[in-house]
Each structure stands twice: as C-alpha cells, then as structure tokens.
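Following: one structure in structure tokens, then a few remarks.
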Amino acid sequence: MTDILSRGLPRRTFLQASAAIGALAAFGLLPSYAQETPIKVAAVYTVPVEQQWVSRIHKAAMAAKERGEIEYVYTENVANNDYERVMREYAEAGNQLILGEVFGVEDAARSVAADYPDVAFLMGSSFKPDDAVPNFAVFDNYIQDASYLTGMIAGAMSKTKKIGMVGGYPIPEVNRLMNAFMAGAKETAPDTTFQVAFIGSWFDPPKAKETAFAQIDGGADLLYAERFGVSDAAKERGVLAIGNVIDTQADYPETVVSSALWHFEPTLDKALAEVKAGTFKAADYGLYSFMKEGGSSLSPLGTFEGKVPADVMDKVVEREKAIKDGSFTVEIDDTEPKSS
Numbered sequence: 001m002t003d004i005l006s007r008g009l010p011r012r013t014f015l016q017a018s019a020a021i022g023a024l025a026a027f028g029l030l031p032s033y034a035q036e037t038p039i040k041v042a043a044v045y046t047v048p049v050e051q052q053w054v055s056r057i058h059k060a061a062m063a064a065k066e067r068g069e070i071e072y073v074y075t076e077n078v079a080n081n082d083y084e085r086v087m088r089e090y091a092e093a094g095n096q097l098i099l100g101e102v103f104g105v106e107d108a109a110r111s112v113a114a115d116y117p118d119v120a121f122l123m124g125s126s127f128k129p130d131d132a133v134p135n136f137a138v139f140d141n142y143i144q145d146a147s148y149l150t151g152m153i154a155g156a157m158s159k160t161k162k163i164g165m166v167g168g169y170p171i172p173e174v175n176r177l178m179n180a181f182m183a184g185a186k187e188t189a190p191d192t193t194f195q196v197a198f199i200g201s202w203f204d205p206p207k208a209k210e211t212a213f214a215q216i217d218g219g220a221d222l223l224y225a226e227r228f229g230v231s232d233a234a235k236e237r238g239v240l241a242i243g244n245v246i247d248t249q250a251d252y253p254e255t256v257v258s259s260a261l262w263h264f265e266p267t268l269d270k271a272l273a274e275v276k277a278g279t280f281k282a283a284d285y286g287l288y289s290f291m292k293e294g295g296s297s298l299s300p301l302g303t304f305e306g307k308v309p310a311d312v313m314d315k316v317v318e319r320e321k322a323i324k325d326g327s328f329t330v331e332i333d334d335t336e337p338k339s340s
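Residue 6 in the numbering used here sits at position 6 of the sequence shown, and the numbers go up by one each step.
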C-alpha cells in the first residue's frame, strides 16, 4: 500500500495521508484487506465440490475469500492413493491452513501433518485429535439436531409409515444423522418402520437412485436422501423425500419436504481465528456443527408450507427451541442403523 500511495505524491502530502490511514486503522475503519494479509487456505477433496458434504466446506471457504479473509485454492476428485501427494504439494506451497476429508486416508494425512508442523490441518474425520500431531484438528458434520427435526416431519408426512433410507457408507458421520432422523420420526409416528441401505460410495447418483426405487417397491412412501440420486427416484415415483446437508427443494419443489442443513462457517471461522492468533492446535471442531452453535438448521418448508400438520410443526418449533437452549439433547448414536 505504501508504494501505491507514495507514487507521485509530495513527501508532506504522503506523510499526511499515512497518518490518516494509521488513524483509520486504529479505529477499525479500514477494510479488512488493508489491515491484514489474507490467510492462505487450500483444500483437498475426494469428490466434486457439488457433492453435498464438500459443497458446504467449499461454500464457507468461498465466502471467506470474497470477504478478503483468505486466499483459497482447492483440488477436487482426488483419489485416496493420491491424497498424500496433493496435501504435501499444498503444504510446500506455503498454505497456512489445509482443509479436507480424510475418512479413507487417516494415517497418510496425519503423517503429512507431522512433517509440516507449521501448517494447520483441519480435516473431516471419524477419529479424534491426537496430541502427537498437535497441528492436526478434526471436524465432522454433527447435524443430528436438525436431522431429528426432519425426522419428526417425516413421521407425520408418511402415510404408509414405511420410510426408505439410502446412505453412502455406515460410518459415524452418516450413522448419527440416520439414527437421529429415525428417533425424530418415532416421536411423531411411533409405528414407523425403516428400510436402510448403503451404496458403498460418496458419489454415485445412479446407484442411489436404483436403491431408492427398490425401497419404494418395498412400500416406502417417503425417502431419506442422504445421497444424491435418492430425490430423483422419489420425484419419478411420486413419493416424498427429506434432504440432508443442503437444501434441494428448488430442484424438487413437489418432492423434498425439508432438509437438515449443515453450515460450515462456524467451524471455519474458529479455525481461521486460531491460525491468526497462532494458537491452532489438535482439537475436535465437531461441536461447531451443533444447532446451538449455528452449525446446523432446519430448512424452510417452502413449497410445503401449510402441508405439514400444524400440531406437528408446533412440536418441531418447541423441540428446536429446547435444543438451542440446552433443555433437550439429541442423542449422538454412531452405531450402524438397521432396517426395522
């Protein structure tokens, strides 16, 4: 900035301008880009950034970039056997914070972090932080609060009381959301039964769609769309769906009743603050996905406004309030859900 301001200015004018800028900075009146150097952030994704889970990380990072807080680069569709290489390249490039999801490459990712102790790593993981790698923090989408609320809605909207559920893999970050959804459905419709299936992929819409078709053939009139492709099956067969992580109702206005939304912003904001302060350490950032932390929410009913029974929505509002004030806690159940 000094070079820009001093160019072509008399010394006295330049000194006056510099003093004015210093005063503005002292009172916090300058834009953030004039006060701080953006943090260099890189992300390594094993799936496309359009995929639900990763899209929320990408969205939060893009927002921080637009605010001038970070510089942001990323690589998508990285194979597990290539993940370590990409991580190392980003660490060597001088990035200060590296984001990603290491569910299939835990050991390799932690090994990279150990080799770059001055770089902060914040990774989606089913495991806990380890003090042996003090610069490797973990997070997960603990949106069981919002999932429980969508389950309450689903229980009321299913006429057959048979709900189909299609997930990627039966790992904790999927299991806890499914279990919370099932518990919510049982609150409003205790006789509800579930067909649970996993497709063995994070991104295979055709397989998810075919699995959902089979559940509809089995009597399900409402589907829990943990994966892309499920809502397509619901739309084609004229049944309802509940979304997960992102709100897809705009694409399925007559199909998706509601969704449990994940907001990665609180997680990223906390990490950036720690990097700025030089206090980033091995920690579990999972709590920043909780509803009371602003990390998750229930999507608006939108096109289904007025179609969900009013008494059920009253209960949903009560539960949401209780979750936020701490008087009701949604159980975190990471065990694999079963059909019933």
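Don't be surprised by glycine CBs; every beta carbon is placed ideally from N, CA and C.
Assigned exposure category for residue i - 16 Cβ within 10 Å defines buried
{"i": "residue 117", "result": "exposed"}
{"i": "residue 337", "result": "buried"}
{"i": "residue 258", "result": "buried"}
{"i": "residue 37", "result": "exposed"}
{"i": "residue 26", "result": "Because the pLDDT at residue 26 is just 42, under 50, the model does not fix this residue reliably, and the point stays unresolved."}
{"i": "residue 231", "result": "buried"}
{"i": "residue 339", "result": "exposed"}
{"i": "residue 101", "result": "buried"}
{"i": "residue 209", "result": "buried"}
{"i": "residue 299", "result": "buried"}
{"i": "residue 317", "result": "exposed"}
{"i": "residue 192", "result": "buried"}
{"i": "residue 321", "result": "exposed"}
{"i": "residue 211", "result": "buried"}
{"i": "residue 130", "result": "exposed"}
{"i": "residue 188", "result": "buried"}
{"i": "residue 140", "result": "buried"}
{"i": "residue 190", "result": "exposed"}
{"i": "residue 271", "result": "buried"}
{"i": "residue 267", "result": "buried"}
{"i": "residue 248", "result": "buried"}
{"i": "residue 244", "result": "buried"}
{"i": "residue 50", "result": "exposed"}
{"i": "residue 255", "result": "buried"}
{"i": "residue 173", "result": "buried"}
DSSP state of residue i mapped onto helix, strand, coil
{"i": "residue 189", "result": "coil"}
{"i": "residue 308", "result": "coil"}
{"i": "residue 224", "result": "strand"}
{"i": "residue 43", "result": "strand"}
{"i": "residue 162", "result": "strand"}
{"i": "residue 242", "result": "strand"}
{"i": "residue 25", "result": "Interpretation of residue 25 is limited by its pLDDT of 43, a score under 50 that renders its predicted location unreliable; the figure taken from the coordinates is listed afterwards. DSSP places residue 25 in helix when its eight states are reduced to three."}
{"i": "residue 196", "result": "strand"}
{"i": "residue 257", "result": "strand"}
{"i": "residue 215", "result": "helix"}
{"i": "residue 338", "result": "coil"}
{"i": "residue 132", "result": "coil"}
{"i": "residue 327", "result": "coil"}
{"i": "residue 267", "result": "helix"}
{"i": "residue 251", "result": "coil"}
{"i": "residue 149", "result": "helix"}
{"i": "residue 344", "result": "Outside the displayed range of the chain (1 to 340) lies residue 344, so it cannot be described from this structure."}
{"i": "residue 229", "result": "coil"}
{"i": "residue 272", "result": "helix"}
{"i": "residue 367", "result": "Here the chain comprises residues numbered 1 to 340, so residue 367 is not present and cannot be evaluated."}
{"i": "residue 303", "result": "helix"}
{"i": "residue 181", "result": "helix"}
{"i": "residue 333", "result": "coil"}
{"i": "residue 320", "result": "helix"}
DSSP beta-bridge partners of residue i
{"i": "residue 284", "result": "138"}
{"i": "residue 262", "result": "296"}
{"i": "residue 155", "result": "Per DSSP, none; premise fails for residue 155."}
{"i": "residue 167", "result": "198"}
Cutoff 7 Å: residue i Cβ touching any chain D Cβ
{"i": "residue 327", "result": "In the displayed structure, chain D is absent; only one protein chain is listed."}
At least three beta-carbon pairs within less than 8 Å, the stretch 206–224 to the stretch 232–242: yes
Segments assigned alpha helix (DSSP H), at least 4 residues, entirely inside the stretch 49–128: 52–66, 83–92 and 106–115
At least three beta-carbon pairs within less than 8 Å, the stretch 34–45 to the stretch 68–80: Counting C-beta pairs closer than 8 Å gives three or more between the stretch 34–45 and the stretch 68–80, which meets the contact rule.
Cβ contact check for the stretch 280–298 and the stretch 134–147: 3 or more pairs under 8 Å: yes
The stretch 163–180 / the stretch 222–232 touching (three or more Cβ pairs under 8 Å): yes
Stretch-stretch touch, CB-based, cutoff 8 Å, three pairs: the stretch 250–267 with the stretch 191–205: no
Three CB pairs or more closer than 8 Å across the stretch 86–95 and the stretch 104–122: yes
Stretch pair the stretch 182–197 + the stretch 136–151: three plus CB contacts closer than 8 Å: yes
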